[in-house]
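Working notes, beginning with the structure itself.
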Amino acid sequence: MLWPIKNGKERLHQPNKSAMLSMQEIKAIESWISQIGIFQIYITAGQLVSTARKTLKFKYKIIGHGFNRVVYDLNNGYILKIALSQVGLISNANEAYIYNNCNEEVKKYLCPVKEYGTGWIIMKKVDTKVPFAIKEYTKLIKLELKFLRHGIIPIDLRLDNVGYNENDEMVVIDYGLFTMDLKSPVLRWLV
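Our numbering puts the first residue of the sequence shown at 171, with every later residue one more than the last.
Next up, the structure:
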């Protein structure tokens, strides 16, 4: 199956083929993804991440994780998010879909997606040090309203899920739980 991706120019992208990941890394991800259901018996996210690390055997440093995804720094200005659960699979697919199908007006507030495949997504690395200050919350509320005006419901939008790009603009680095309804004039009317 071919998926369109826009990265400066339109090109076709085949899931699980990557210019940034080796075939060995793709195969390791595929192996991990095929076993996701088995590892859901773990109680903590830490145990799940530890098992993923041992299974994947990547040379990259883990820079973050939740219960649904683990994030590796690719040391080239990009990060790799790998699903740890079914929700993680959905979140990765959702980020790719939203980034590639949203209105250009709000796309600039989303962390750019470079490549993706089944269970993984490569995104631009963004500085995530956002201070917990009133002015940051004000920016976050304004950002939420922009998304709503353009038919995107920003579920789980919070300071932990944003960062600043090279232009010092707030961008969302984790929008896997956002929903986008391109046919919803109601949202535009309400906001």
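Just so you know, even glycine gets a beta-carbon here, dropped at the ideal spot from N, CA and C. Just so we're clear, the structure is a prediction, and the values are computed from it rather than from any experiment.
Would you decide whether residue i is buried or exposed? Buried here means 16 or more other CB atoms lie within 10 Å of its CB.
{"i": "residue 315", "result": "exposed"}
{"i": "residue 304", "result": "exposed"}
{"i": "residue 274", "result": "exposed"}
{"i": "residue 222", "result": "buried"}
{"i": "residue 289", "result": "buried"}
Between which two residues does the alpha helix (DSSP H) containing residue i stretch?
{"i": "residue 293", "result": "Counting along the chain, residue 293 falls outside any alpha helix (DSSP H), though it belongs to the beta strand (DSSP E) covering 290-294."}
{"i": "residue 223", "result": "215-226"}
From residue i to residue j, what does the alpha carbon distance come to, in whole angstroms?
{"i": "residue 287", "j": "residue 254", "result": "14 Å"}
{"i": "residue 298", "j": "residue 207", "result": "31 Å"}
{"i": "residue 291", "j": "residue 229", "result": "17 Å"}
{"i": "residue 308", "j": "residue 198", "result": "42 Å"}
{"i": "residue 231", "j": "residue 319", "result": "37 Å"}
{"i": "residue 325", "j": "residue 347", "result": "6 Å"}
{"i": "residue 327", "j": "residue 276", "result": "14 Å"}
{"i": "residue 310", "j": "residue 350", "result": "18 Å"}
Could you tell me the boundaries of the beta strand (DSSP E) in which residue i lies?
{"i": "residue 189", "result": "Where residue 189 is concerned, there is no enclosing beta strand (DSSP E), given that its DSSP letter is neither H nor E."}
{"i": "residue 229", "result": "Premise fails: residue 229 is in no beta strand (DSSP E) and is neither H nor E."}
{"i": "residue 206", "result": "It is not in any beta strand (DSSP E) - residue 206 carries neither H nor E in the DSSP assignment."}
{"i": "residue 243", "result": "239-243"}
Below 8 Å on the Cβ atoms is my guess for residue i versus residue j; work out the distance and round it to an integer in Å.
{"i": "residue 266", "j": "residue 241", "result": "Going by Cβ atoms, the distance from residue 266 to residue 241 rounds to 15 Å, so no, they are not a contact pair."}
Distance cutoff 8 Å, beta carbons only. Does residue i sit that close to anything in chain C?
{"i": "residue 216", "result": "Any reference to chain C falls outside this structure, which holds one protein chain only."}
Mind listing, in chain order, the continuous alpha helix (DSSP H) runs of no fewer than 4 residues lying wholly within the region 263-341? 274-277 and 304-319
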